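Trainee: So the sequence lines, in the order shown, correspond to chains H and D.
Counting from 1, one number per residue, gives the positions in the first sequence under this note's numbering.
Counting from 501, one number per residue, gives the positions in the second sequence under this note's numbering.
Attaching a single structure in structure tokens format; questions to follow.
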Amino acid sequence: MFSKILVANRGEIAVRVMRTAHEMGIKTVAVYSDADNESLHVFSADEAVFLGESDPASSYLNVDKIVDAALQTGAEAIHPGYGFLAENPVFAERVVSEGLVFIGPPAHVMAALGNKTTARRIMSDSGVPIIPGMIHTERDTNRLVDVAEEMGYPVLVKAAAGGGGKGMRIVDGSDALPEAAESAAGEALTAFGDNTIYLEKYLDRPRHIEFQILADSYGNVVHLFERECSIQRRHQKIIEETPSAAMDGGLRSRMGAAAVAAGRAAGYVNAGTVEFLLDRNGEFYFLEVNTRLQVEHPVTEMITGLDLVRRQIEIAAGLPLPFSQGDLFRRGHAIECRIYAEDPEADFMPAPGRILFAQSPEGPGVRFDHCIYSGFEVPVQYDPILGKLVVWAEDREMAIARMIRALKGCVILGVKTQVEFLLDVLSSDAFKAGDIHTHFIEEDHFATWKPDQSADCLAVLGSVAYDMVAPRVIPSAVARPGEAGWSSPWQTLGAWDIVR
Amino acid sequence: MDYKLRIQDAVYHVDAAAPDSTGSIRTVLDGKERSLSVCSVLNNRVNFGIDGRVANIFAVKTDEGTWVWVDGRARLVQDADKVDRRKARARSGVPSDVTPPTPAAVVRVLVESGQKVAKGQGLVVVSAMKMEITLSAPYSGMVRAVNTAVGDQVKPGDILVEIEAHEQGDQNE
């Protein structure tokens, strides 16, 4: 087993990985940039290596610096977390070539699955159902129109190197296709350095269901059931849960088997996630494989009782899976809410600043994987994720009630978050009925959500009580931009808007 | 004590009497009388009763006002008079700076010196926190100077584009 691991990431996931390493008696090395000087992941590690300037290219995306940090500290393996270099085959390859272990799949598997059309071909060849569409990219707009007309509109233009909703356009007819193709290709070139595009049939209001898989280096592949990730905003997940209300035993078996088949077809090793779209007729189609540990992995851990990071480390250390599919069971219901420093009233725009006061929710079945503390300055240079709030309970109804309690107790003051928005979503009839799909937030009354004004009365009286009884103390003498007392530039500066 | 408090666009008047011998604070808010009894204020947690019902809030006082957490709902409770004075000051200075709201990198420059622009027209696109933001013209006029180029690292306060305003009654307005 490794004696030292470097965690090539930051924020909550770095903290989470280090916790398991700590339990396993493995020493940890953190890497950090200027902006993360006072970040929790730095304090949580046994050693920390300073990478330099904050922009990702100079820090968390800098392969040379990270490899150097591992070599210099004597780390034997690198855990990439999610995002940053986690799905970068060049990084994975380089790590291995330096004599280190990459805690993830082999680089060539990552590369094959990272290209959407190659992945679709691999699956199609192995009998895994894929979304009707192209398995090769196409540059010629006329050919694209031919294919689209044969498939039938609406179609989705997608970037082969894409992800996170970028390089995607929905097209309703042939006259809109050329412009959409060009626009998607341009966005893909900027975001991924690759402008190749293809077409897929656009499914109406599908459910986004993903299966967790684990594969060791001896050919054993198992699935750890599904996660329902349909609630998204701007194509990014915000609420995830397991089990999915759309599953019955039969569908779960078939999709689980397809996920395992997908893993085998790709020669997958370590933890991965096979994503499917489930249409309204109960048909499922392969979407893509995420060749990393995902943000929402805790919900799977809660229902199976397994530590996925531990399994990742063990697989990377050459151990076989200690269980087979028949040994795996799920129990109860788990929900995760992602907590970001964002303003739900301003289209979820990032709202960086200083967290003046934070307190974690507690109690049975509550888990908060976060990286915040009172006084923490949320860096502007990175994704503004503050943490993931996860609950487990015996059934969905209890889990919803537990999540509502947990959200109420997830105190974050000083920066705007979507906690209140999530509270209203979880409390809604639509969510409780399990009627969820990928456009839930845009439709279903949440497109024009506003905070509930009836909470103002209690806030006003509470502030009066606080003022009359508490001493007049203003926290933190050092005035820095973003600290309470300074309006966030997002609110005060004049004419600008966001182009996505 | 008279409080005139503001939460976003709503203003609330609270008339609060000094705590009596039992520690109760008689308040009147929007014509409704309520009795507050504060049990504990520790580490930003205020445990108090409203007409006998227990309430727990978390609060942090700052220059801008008091941040209050009410069961999952965060509210910034401000002194309404202070907010009005600050707004009056801000209104007298029309925001005219084309500057990024956050440290960012310039990815596209959409105009050049001498070009006529309309209010709201895109001038410069910057990238920050994995998003692209278009800085647009606060009023119509002519571009007097472009002070940046693609690849520059810019920050709030840097004037990226200078625009000379048109006279009143411009049809582009």
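Glycine residues also receive a C-beta, built at the ideal position from the N, C-alpha and C atoms.
A quick note: this is a predicted structure, and the numbers were derived from the prediction, not measured.
Can you tell me the Cα-Cα spacing of H/Val200 and H/Asp175, whole angstroms?
Mentor: If you number the first sequence from 1, residue 200 of chain H lands on position 200. If you number the first sequence from 1, residue 175 of chain H lands on position 175. The identity of residue 200 of chain H in the sequence shown is Glu, whereas the question assumes Val. Taking the straight line from one Cα to the other gives about 17 Å.
Trainee: Any idea what DSSP makes of H/Leu308, helix, strand or coil?
Mentor: Taking the first residue of the first sequence as position 1, residue 308 of chain H is located at position 308. Looking at H/Leu308 - three-state DSSP - the assignment turns out to be helix.
Trainee: With burial defined as no fewer than 16 other Cβ atoms inside 10 Å of the residue's Cβ, what is the status of H/Tyr285: buried or exposed?
Mentor: For the purposes of this step, residue 285 of chain H is taken as residue 285 along the first sequence, with counting starting at 1. The residue in question, H/Tyr285, is buried, as its Cβ has 16 or more Cβ neighbours within 10 Å.
Trainee: For a test of the three-state rule: what should DSSP assign to H/Asp429, helix, strand or coil?
Mentor: On the first sequence, position 429 is the one that residue 429 of chain H refers to. Helix.
Trainee: Can you give the Cα-Cα distance for H/Asp343 and H/Pro350, rounded to whole angstroms?
Mentor: For the purposes of this step, residue 343 of chain H is taken as residue 343 along the first sequence, with counting starting at 1. For the purposes of this step, residue 350 of chain H is taken as residue 350 along the first sequence, with counting starting at 1. Taking the straight line from one Cα to the other gives about 6 Å.
Trainee: Based on the DSSP output, what are the partners of D/Thr562 in its beta bridges?
Mentor: Translated into the one-based positions of the second sequence, residue 562 of chain D becomes position 62. In the DSSP output, where bridge partners are listed per residue, D/Thr562 has D/Gly565.
Trainee: Evaluate H/Lys158 with the Cβ neighbour count: other Cβ atoms within 10 Å of its Cβ, from every protein chain shown; 16 or more gives buried, anything less gives exposed.
Mentor: Sequence index remark: in the first sequence, residue 158 of chain H carries index 158 (1-based). Buried is the call here.
Trainee: What residues in its chain sit with their C-beta under 6 Å from that of D/Val511, if we drop five residues either side in the sequence?
Mentor: Locating residue 511 of chain D in the second sequence gives position 11, counting from the first residue. Result list for D/Val511: Ala580, in chain order.
Trainee: Within the 8 Å Cβ cut-off, does D/Gly593 reach chain H?
Mentor: Position 93 of the second sequence, counted from the first residue, corresponds to residue 593 of chain D. Because the pLDDT at D/Gly593 is just 48, under 50, the model does not fix this residue reliably, and the value given afterwards should be weighed accordingly. No, no contact with chain H.
Trainee: Would D/Ala738 pass as an interface residue toward chain H - the criterion being a Cβ-Cβ separation below 8 Å?
Mentor: What the structure shows of chain D is the stretch from 501 to 673, and residue 738 of chain D is not part of that stretch, so it cannot be assessed.
Trainee: Using the Cβ count rule (16 or more neighbours within 10 Å means buried), how would you classify H/Phe329?
Mentor: Residue 329 of chain H sits at position 329 when you count from the first residue of the first sequence. So H/Phe329 ends up on the exposed side.
Trainee: Alpha carbons only, please: which of H/Gly133, H/Ala160, H/Arg139 is nearest the one belonging to H/Val147?
Mentor: On the first sequence, residue 147 of chain H is found 147 positions in, with the first residue counted as 1. When each option's Cα is compared against that of H/Val147, the closest is H/Gly133.
Trainee: Measure the beta-carbon distance from D/Leu529 to D/Val514 and round it to whole angstroms, keeping in mind my assumption that it falls under 8 Å.
Mentor: Looking up residue 529 of chain D in the second sequence gives position 29. Looking up residue 514 of chain D in the second sequence gives position 14. Between D/Val514 and D/Leu529 the Cβ distance is about 5 Å, and since that is below 8 Å, they are a contact.
Trainee: Please work out which residues of its chain come closer than 8 Å, Cβ to Cβ, to H/Pro243, disregarding the five sequence neighbours upstream and downstream, and give them in chain order.
Mentor: Here the question's residue 243 of chain H lines up with position 243 in the first sequence. Excluding sequence neighbours, H/Pro243 sits near Phe225, Glu226, Glu228, Arg252, Ile303, Arg330, His333.
Trainee: Can you name the residues that DSSP bridges to H/Tyr32?
Mentor: Counting from 1 along the first sequence, the entry for residue 32 of chain H is found at position 32. In the DSSP output, where bridge partners are listed per residue, H/Tyr32 has H/Phe50.
Trainee: What would DSSP say about H/Cys371, mapped onto helix, strand or coil?
Mentor: Walking along the first sequence from the start, residue 371 of chain H turns up at place 371. Coil at H/Cys371, not helix or strand.
Trainee: Along chain D, in chain order, which residues have C-beta atoms closer than 7 Å to that of H/Lys408?
Mentor: Against the first sequence, residue 408 of chain H aligns to sequence position 408. Within chain D, the residues near H/Lys408 are Asp571, Gly572.
Trainee: Exposed or buried, what is H/Lys432 when buried is set at 16 or more other beta-carbons lying within 10 Å of its beta-carbon?
Mentor: Locating residue 432 of chain H in the first sequence gives position 432, counting from the first residue. The residue in question, H/Lys432, is exposed, as its Cβ has fewer than 16 Cβ neighbours within 10 Å.
Trainee: With H/Gly305 and H/Ile339 assumed to form a contact (beta carbons below 8 Å), what rounded beta-carbon distance in angstroms separates them?
Mentor: Counting from one through the first sequence, the residue named residue 305 of chain H turns up at place 305. Counting from one through the first sequence, the residue named residue 339 of chain H turns up at place 339. About 24 Å separates the two Cβ atoms, so there is no contact after all.
Trainee: Relative to chain D, which residues along the segment 445-462 of chain H have a C-beta separation below 8 Å, given in chain order?
Mentor: Under the 8 Å Cβ criterion, the segment 445-462 of chain H contributes Pro451, Asp452, Gln453, Ala455, Asp456, Cys457, Leu458, Ala459, Val460, Leu461, Gly462.
Trainee: So, for D/Met642: in the same chain, excluding its five sequence neighbours on each side, which residues have a beta-carbon less than 6 Å away from its beta-carbon?
Mentor: The residue labelled residue 642 of chain D in the question sits at position 142 within the second sequence. So the qualifying residues of the chain are Lys616, Glu664.
Trainee: Around the C-beta of H/Lys116, are 16 or more other C-beta atoms found within 10 angstroms, so that it is buried, or is it exposed?
Mentor: If you number the first sequence from 1, residue 116 of chain H lands on position 116. Answer is buried; the Cβ neighbour count reaches 16.
Trainee: Excluding five sequence neighbours on each side, which residues of the same chain lie with their C-beta closer than 6 Å to the C-beta of D/Arg534?
Mentor: On the second sequence, residue 534 of chain D is found 34 positions in, with the first residue counted as 1. Counting only Cβ-Cβ distances below 6 Å, and skipping sequence neighbours, we find Thr527, Ile550, Asp551.
Trainee: What are the partner residues of D/Glu604, as DSSP defines its beta bridges?
Mentor: Working through the second sequence from its first residue, we reach residue 604 of chain D at position 104. The amino acid occupying residue 604 of chain D in the given sequence is Ala; Glu does not appear at that position. D/Val654, per the DSSP bridge assignment.
Trainee: Quick one: what's got a C-beta closer than 6 Å to D/Leu576's C-beta in the same chain, skipping five residues either side?
Mentor: Numbered from 1 along the second sequence, position 76 holds the residue referred to as residue 576 of chain D. Hits under 6 Å: Gly565, Trp567.
Trainee: Leaving out the 5 sequence neighbours to the left and right, which residues in its chain are closer than 7 Å to H/Gln294 when beta-carbon positions are compared?
Mentor: Reading the first sequence from its first residue, position 294 is the one you call residue 294 of chain H. Answer for H/Gln294: Tyr82, Thr273, listed in chain order.
Trainee: At which residue ranges does the segment 174-255 of chain H contain complete beta strand (DSSP E) runs of 3 or more residues, listed in the order of the chain?
Mentor: List check, beta strand (DSSP E) in window: 197-201, 207-215, 221-233, 236-242.
Trainee: Please state if the CB of H/Arg16 and the CB of H/Val378 are separated by a distance shorter than 8 Å.
Mentor: As a working note, residue 378 of chain H is residue 378 in the first sequence. As a working note, residue 16 of chain H is residue 16 in the first sequence. Not in contact: H/Val378 and H/Arg16 (Cβ atoms no closer than 8 Å).
Trainee: What's the C-alpha gap between D/Asn672 and D/Met631?
Mentor: The count along the second sequence starts at 1 and reaches residue 672 of chain D at position 172. The count along the second sequence starts at 1 and reaches residue 631 of chain D at position 131. Here the model assigns D/Asn672 a pLDDT of 44, short of 50, so the residue's position is not dependable, and the following value carries that caveat. Roughly 29 Å between the two C-alpha positions.
Trainee: What does the alpha-carbon distance come out to for the pair H/Pro322 and H/Asp307?
Mentor: Mapped onto the first sequence, residue 322 of chain H falls at position 322. Mapped onto the first sequence, residue 307 of chain H falls at position 307. Rounded to the nearest angstrom, the two C-alpha atoms are 13 Å apart.
Trainee: Chain H beta carbons: is any one of them nearer than 8 Å to that of D/Asn647?
Mentor: For this step, residue 647 of chain D is matched to residue 147 along the second sequence. Not an interface residue.
Trainee: Using 8 Å as the limit for Cβ to Cβ distance, is H/Met468 near chain D?
Mentor: Stepping through the first sequence from its first residue, residue 468 of chain H is reached at position 468. Judged by the 8 Å Cβ criterion, H/Met468 is in contact with chain D.
Trainee: May I have the straight-line CA-CA distance separating H/Gln359 from H/Lys408, to the nearest angstrom?
Mentor: Within the first sequence, residue 359 of chain H is the residue found at index 359, counting from 1. Within the first sequence, residue 408 of chain H is the residue found at index 408, counting from 1. Using only the alpha carbons, I get a separation of about 11 Å.
Trainee: Can you give me the Cβ contacts of D/Gln653 inside the same chain, cut-off strictly under 6 Å, excluding the 5 residues immediately before and after it?
Mentor: Along the second sequence, one-based indexing puts residue 653 of chain D at 153. These residues qualify, in order along the chain: Ala605.
Trainee: Going residue by residue through the segment 382-457 of chain H, where are the continuous alpha helix (DSSP H) segments of at least 4 residues, counting only ones entirely within it?
Mentor: Whole alpha helix (DSSP H) segments, 4+ residues: 396-408, 419-427, 429-432.
Trainee: Compare the C-beta of H/Glu420 against all C-beta atoms of chain D and say whether one is closer than 8 Å.
Mentor: The sequence position of residue 420 of chain H within the first sequence is 420, counting from 1. So, interface residue.
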